[in-house]
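Notes follow once the structure below has been shown.
Number of protein chains: 2
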Amino acid sequence: MFSPENRFRDYLKKKGLKFTPERRLILKKVFSLHGHFDADKIYDEMHKKNRKLSRATIYRTFPLLVESNLVKETLRCQKRANYEPVFGYSHHDHLICINCGRVIEFRNDLIEHLQEKVCKKYRFEPLEHRLGIKGYCQKCAGKRQRR
Amino acid sequence: MFSPENRFRDYLKKKGLKFTPERRLILKKVFSLHGHFDADKIYDEMHKKNRKLSRATIYRTFPLLVESNLVKETLRCQKRANYEPVFGYSHHDHLICINCGRVIEFRNDLIEHLQEKVCKKYRFEPLEHRLGIKGYCQKCAGKRQRR
DNA sequence: TTCTAATTGAGAATCAATCGCAATTAGTAG
DNA sequence: CTACTAATTGCGATTGATTCTCAATTAGAA
Ligand SMILES: [Mn+2]
Ligand SMILES: [Mn+2]
Ligand SMILES: [Zn+2]
Ligand SMILES: [Zn+2]
């Protein structure tokens, strides 16, 4: 009963929009990747499995996935917008290696709690937040040292 | 002795680059704004004071300012890259109102400290981080309530 | 089954950012 | 001070991501 597809259907219906084969394919792909993705990733994956579908449709579908709270945009590190699934995953923040691109996900409840306190202090009503720490992962830091 | 201009001069010299009038103007403008800015902001400000200078030069200067640790890129909220001064300002994070665009700066040392602990745990060597909380500022939250 | 508003793909358009190049210039060496 | 040269500039062209336009198609309500 509670699946990304059901939530997406409900959302679309509520908005008077249609659950098309293209939207279903994009949704399936997004949730089968279990990780960060961008428009081109989805485009390539689709075409690899020779299911052609246009970039325009992909770009038009992403905002719907975000609106229905199935995925969210992540911290933009290059120039392309990047997303990750939300449905079925719990909130976390990111450590991003600027050398190899590795992304480490972490969750720290105390940090989360302190953010709430900050918001209260400023009477700010938070909707979402993004915390990204850029630097060198263990492997890449080691390599740098040895140079 | 310690001024943005001196640091910039030193940086440029070390790299064998030149301290041109254009670079000086951009630097001055950046530090006279006391806040966030993007390429167009600088471009417009310059042309308002009818000091013409090309967009290319602005785009070419920003990375130098970042490299010399005078400014840093901030969390990208729209599609343009956005920056803020670092020299002369202490580190802080942001509350961003998605209704009126207001940006509230805050600093929470405990959050900062916890981030370091997270990095240690993953043996991650942090260089910088960005934390942005999006939501409604007091004013805008109030307006929403009353609707 | 019919009907219609929503959707699609293809390519054009947009927008920020980058690039190529000829003319100019900062700043070092003499 | 002058000469030299690599760095810089502005301009326009280009790129790359994203959005838009529009004619043809289709989901899904009636
Ligand atoms: Mn968090
Ligand atoms: Mn911080
Ligand atoms: Zn790494
Ligand atoms: Zn506001």
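Taken in order, these protein sequences are the chains called A and B. Numbering (this note's numbering) for the first sequence: 1 to 147. Numbering (this note's numbering) for the second sequence: 148 to 294. Where is the CB? At the ideal position from N, CA and C, for every residue including glycine.
Pairwise C-beta distances place the segment 207 to 222 of chain B in contact with the segment 272 to 282 of chain B, as three or more of them are shorter than 8 Å.
When DSSP states are grouped into helix, strand and coil, A/V86 belongs to the coil group. For B/H183, the nearest beta carbon of chain A is not closer than 8 Å to its own beta carbon. Counting the other CB atoms within 10 Å of its CB gives A/P63 a total below 16, which places it among the exposed residues. Under the 8 Å criterion on CB atoms, B/C266 is classed as interfacial with respect to chain A. Taken in chain order, the unbroken stretches of beta strand (DSSP E) that lie wholly in the segment 174 to 242 of chain B and span 3 residues or more are 218 to 220, 230 to 232. For B/P151, no CB of chain A lies under 8 Å from its own CB, so it is not counted at the interface with that chain. For the segment 261 to 288 of chain B, the set of residues with a beta-carbon nearer than 7 Å to any beta-carbon of chain A comprises L261, Q262, V265, C266, Y269, R270, F271, E272, P273, L274, E275, H276, R277, L278, G279, I280, K281, G282, Y283, C284, Q285, A288, in chain order. Contact annotation for B/I251 against chain A: Y122, F124 [CB-CB distance below 7 Å, chain order]. Residue environment: B/K176 is assigned as buried (16 or more neighbouring CB atoms within 10 Å of its CB, all protein chains considered). B/N255 has a beta carbon lying within less than 8 Å of a beta carbon in chain A. The residue from B/V213, B/E231, B/D185, B/R170 with its alpha-carbon nearest to that of B/K199 is B/R170.
Per DSSP, the beta bridge partners of B/I251 are B/L242. If you check the C-beta of A/E125 against ligand 1, you find no heavy atom less than 7 Å away. Taking CB atoms only, A/I111 has a neighbour in chain B less than 8 Å away.
For A/Y122, the closest C-alpha among the options B/E263, B/Q285, B/H260, B/C266 is that of B/Q285.
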